[in-house]
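Some notes on the structure that comes next.
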Amino acid sequence: MIATSKPLVSSHQIVTATKGRARVSFIGGRSFLLEAAGEFDLPAQRFIWALSHVVRDWADVAEVIPGMTNLLAIFTATPEDPEFIVGRLLEAWDSVPSLDLSGKTIEISVHYGGAYATDLAAVCDFSGLSDREVVRLHHDATYRVFALGSAPGFGYLHGLDARIYMPRKTVPSLKMEKGCVTIGGMQTGVAMLTGPNGWNSIGYADLQMFDPTSSTPALMAPGDTVRFVPDRIEL
Amino acid sequence: MIEIVETGPFNTVQDLGRPGYRDIGVSAGGAMDPLAVRIGNILVGNPQDAAAIEIQMFPFKLRFEVPTVFAVTGADGQPLLEGRALLSWCAYRAEAGQILELKQPPKLARAYIVLGGGIDVPVLMGSRSTALRGGFGGNAGRPLMKGDRIEVCALPQPLPLPAGGIAAVAPATALRDAFPVADDGTLLIRAIPAGEHELFADDGEAFWSQVWRISSRSDRTGYRLSGAPIKPVKTVEMRSHGVVPGVVQVPPGGEPIIQMSDANTAGGYPKIAGVIEADLWRLGQARAGSRLRFVRSTHAEARAVEQIVSRYVEDIERTSQMVKRALKAMT
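Sequences listed follow chains A and B, in order.
Each residue of the first sequence is one higher than the last, beginning at 1 in the numbering used here.
Each residue of the second sequence is one higher than the last, beginning at 1 in the numbering used here.
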């Protein structure tokens with residue numbers, strides 16, 4: 001795996017198309033979830049990145065979790081008037097310019113197929129493509145880290161070819177190995193922990209992406225570019 | 001220094017958790033009953049966020065290797081020091097070599113042993129809590145085992161304690177009016193409707209009206225509830241989004257899951273409700289097999305309960321300072 005950093009221009013604003021409406025809902029008293037309506041795409045996510053930078057700086061916000069075209073804001077205390085918070089979030093959403101995070105490029109070496117690719121056959125059946133074709137479509141694409149979550153250091157990657165979308169399993173694998181390269185719906189990623197997992201494994205990558213003792217514990221960050229490089233294809 | 005003499009699985013070192021890293025996938029973790037940790041720490045003279053031992057599998061025994069001030073909070077029942085019954089929610093002093101024993105509490109789920117100075121394990125990402133799923137933090141990222149020897153931070157000034165100890169009124173008693181329980185003992189948990197509540201249509205009402213049982217497949221990550229399944233009127237493919245403890249998600253089977261302290265940081269199941277933050281410690285003390293009913297709440301009510309809890313903690317903090325000053329003056 002290679003991680004390269006671009007020069008210091010870590011972020012810059014770009015002009016993009018229209019922004020969809022958003023809706024805000026509650027989780028308990030202190031957390032507010034803003035979800036962008038419209039497409040699951042990079043333009044929408046750029047607005048989420050921008051919004052997370054704005055909301056993070058609000059004095060009454062404890063924590064911000066950007067998700068996939070959505071954002072959870074956790075406040076330090078339950079607000080007196082939730083509708084006022086909803087209004088503030090929607091106003092911020094409507095006014096933020098798009099923000100492109102041009103992070104580092106990460107190349108991940110993958111062993112496609114083989115013992116860890118427990119769901120490759122199912123992906124072939126669902127897509128109607130050969131295993132060779134599924135693997136090629138997966139490593140031909142360039143991905144962006146939209147957000148991190150679910151497990152320490154796990155990056156949700158956007159950019160999967162629509163031909164190999166694969167729904168999450170209704171019954172998760174009980175013990176999927178850390179390092180499995182997986183597809184979950186329109187997303188792909190590398191499993192960070194061995195354990196129950198509803199995504200579909202098509203290969204394996206041996207990499208360390210999280211170190212709790214480091215000052216930057218997670219290797220990936222939103223905006224990073226990820227490429228999968230076939231190290232071995234075993235079909 | 002203390003030595004673990006006997007323990008069940010899944011007893012861990014916990015403080016108030018490591019919030020602030022959910023955006024890189026790290027659960028906040030921390031004690032399931034943070035109120036018990038805060039009160040215990042005040043009693044023994046620690047900052048409220050010092051690390052304690054969370055015991056959820058009993059019996060548990062430890063040996064003090066040096067004289068130590070300690071308190072047991074959280075669960076009901078009586079801790080034993082050298083076989084002598086003590087009060088919970090009360091700070092005592094143990095001598096070197098003495099054994100503290102905790103038996104299965106009569107009703108509640110989790111006890112906290114709080115030690116003067118606090119448990120001294122390395123601080124990782126701002127916390128001493130054990131992150132079991134990530135395998136880091138706390139006692140080498142794993143539960144306590146028999147034979148473990150754990151460091152305790154030195155107290156700058158040893159607390160002068162009367163022989164009878166210094167006690168606080170337990171929150172369940174002091175705050176009885178703010179935390180109602182049904183006449184038949186069913187726990188009443190307040191929650192606010194969440195994003196997909198509308199999708200459940202009539203089943204949404206069934207969610208609030210029925211009594212749920214906490215399944216045995218429940219742990220620090222989440223509580224699975226058993227009852228009549230509830231289903232959304234249509235299935236939606238949700239995009240992954242951030243979640244927090246207290247979120248009540250409904251997986252395809254229709255039996256809700258409440259995410260707890262070791263909650264995943266992201267989720268995609270439809271959410272029917274979110275438990276108000278001030279009620280989470282009560283859930284943390286609810287045992288598998290016990291019953292609960294959700295009560296529809298509001299932000300105004302959540303805020304009021306939050307403030308009642310804050311005043312209770314501040315009151316104990318203030319009183320304990322006064323008592324300590326008085327004790328110092330006498331010595």
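Cβ coordinates follow ideal geometry from the N, Cα and C atoms, glycine included.
At 7 Å on the CB atoms, spell out the chain B contacts of residue i, in chain order.
i	result
GLY128 (chain A)	Within chain B, no residue comes near GLY128 (chain A); the closest Cβ sits about 20 Å away, beyond 7 Å.
GLU63 (chain A)	PRO19, GLY20 and ARG22
TYR156 (chain A)	SER240
GLY153 (chain A)	ILE24 and GLY25
PRO66 (chain A)	ASP23
GLY185 (chain A)	GLU237
Assuming residue i contacts residue j under a Cβ cut-off of 8 Å, what Cβ separation, rounded to an integer in Å, is found between them?
i	j	result
LEU72 (chain A)	LEU120 (chain A)	The pair is not a contact, with the Cβ atoms about 33 Å apart (cut-off 8 Å).
PRO222 (chain A)	VAL96 (chain A)	Not confirmed; about 15 Å, so no contact.
ALA52 (chain B)	ILE2 (chain B)	Their Cβ separation, rounded to whole angstroms, is 12 Å, which puts ALA52 (chain B) and ILE2 (chain B) out of contact at 8 Å.
LEU292 (chain B)	LEU187 (chain B)	4 Å
GLY128 (chain A)	MET220 (chain A)	About 32 Å separates the two Cβ atoms, so there is no contact after all.
GLY246 (chain B)	VAL275 (chain B)	4 Å
PRO152 (chain A)	ILE24 (chain B)	7 Å
Quick one: grab the DSSP three-state call for residue i.
i	result
PHE70 (chain B)	strand
ASP125 (chain A)	helix
LEU8 (chain A)	Note on LEU8 (chain A): pLDDT 36, under 50, position unreliable in the model; the coordinate value appears next. DSSP places LEU8 (chain A) in coil when its eight states are reduced to three.
TRP89 (chain B)	coil
MET322 (chain B)	helix
PHE26 (chain A)	strand
ASP236 (chain A)	In the structure as shown, chain A starts at 1 and stops at 235, and residue 236 (chain A) therefore has no counterpart that could be examined.
TYR165 (chain A)	coil
PRO230 (chain A)	strand
VAL247 (chain B)	strand
TYR204 (chain A)	strand
VAL181 (chain B)	strand
TYR21 (chain B)	coil
Which chain A residues sit within Cβ distance under 8 Å of residue i?
i	result
GLU277 (chain B)	GLY28, GLY29, ARG30 and THR78
MET125 (chain B)	PRO212 and PRO217
PRO34 (chain B)	Within chain A, no residue comes near PRO34 (chain B); the closest Cβ sits about 14 Å away, beyond 8 Å.
GLU306 (chain B)	GLY29, ALA77 and THR78
Whose Cβ in chain B lies nearer than 8 Å to the Cβ of residue i?
i	result
PHE267 (chain A)	Since the first and last residues shown for chain A are 1 and 235, residue 267 (chain A) lies out of range.
TYR112 (chain A)	None at all; the shortest Cβ gap to chain B is about 24 Å.
Got a sec: is the Cβ-Cβ distance from residue i to anything in chain B below 8 Å?
i	result
ASN200 (chain A)	no
SER102 (chain A)	no
LEU193 (chain A)	yes
SER25 (chain A)	yes
LEU33 (chain A)	yes
ILE74 (chain A)	yes
THR170 (chain A)	yes
MET1 (chain A)	In this predicted model, MET1 (chain A) has a pLDDT of only 44, less than 50, meaning its place in the structure is not dependable; the value taken from the coordinates is given anyway. Not one chain B Cβ lies under 8 Å of MET1 (chain A).
Could you name the residues of chain B that residue i contacts, counting a contact when the two beta carbons are closer than 9 Å?
i	result
ASN70 (chain A)	ARG239, SER240, HIS241 and GLY242
SER150 (chain A)	GLY25, SER240, ASN264, THR265, ALA266 and GLY267
Go to residue i, then tell me how far its beta strand (DSSP E) extends in each direction, as first and last residue.
i	result
HIS158 (chain A)	155-158
PHE84 (chain A)	Note, PHE84 (chain A): premise wrong, no beta strand (DSSP E); alpha helix (DSSP H) at 82-95.
ASP100 (chain A)	99-101
GLU177 (chain A)	Careful: GLU177 (chain A) lies outside any beta strand (DSSP E) and carries neither H nor E.
ARG282 (chain B)	Unbroken run through ARG282 (chain B) is the alpha helix (DSSP H), 280-284; no beta strand (DSSP E).
ALA111 (chain B)	111-115
GLY195 (chain A)	195-197
ARG128 (chain B)	Segment: none, ARG128 (chain B) is in no beta strand (DSSP E) and carries neither H nor E.
LEU72 (chain A)	70-75
GLN56 (chain B)	Careful: GLN56 (chain B) lies outside any beta strand (DSSP E) and carries neither H nor E.
Which residues bound the alpha helix (DSSP H) around residue i?
i	result
SER27 (chain B)	Neither: SER27 (chain B) is in no alpha helix (DSSP H) and is coded neither H nor E.
PRO171 (chain B)	171-174
PHE207 (chain B)	201-209
PRO34 (chain B)	34-44
HIS111 (chain A)	Taken as a continuous stretch (DSSP letters only), HIS111 (chain A) belongs to no alpha helix (DSSP H), being part of the beta strand (DSSP E) at 105-113.
VAL135 (chain A)	131-140
Got a sec: is the Cβ-Cβ distance from residue i to anything in chain A below 8 Å?
i	result
ALA140 (chain B)	no
ARG133 (chain B)	yes
PHE136 (chain B)	yes
LYS234 (chain B)	no
ALA201 (chain B)	no
GLY195 (chain B)	yes
ARG303 (chain B)	yes
PRO9 (chain B)	no
GLY222 (chain B)	no
PRO160 (chain B)	no
PRO67 (chain B)	no
When you measure from the CB of residue i to every non-hydrogen atom of the ligand ATP, does any distance come out below 7 Å?
i	result
VAL233 (chain B)	The model on display carries no ligand, and the ligand ATP is accordingly not part of it.
Taking Cβ-Cβ distances shorter than 9 Å, what residues in chain A pair up with residue i?
i	result
ILE192 (chain B)	PHE26, ILE27, GLY28, GLY29 and PRO82
LYS271 (chain B)	SER25, ILE27 and LEU33
GLY204 (chain B)	By Cβ distance, chain A contributes nothing, its closest Cβ being about 14 Å from GLY204 (chain B), past 9 Å.
GLU314 (chain B)	Residues of chain A passing the Cβ test: none, with the nearest at roughly 14 Å.
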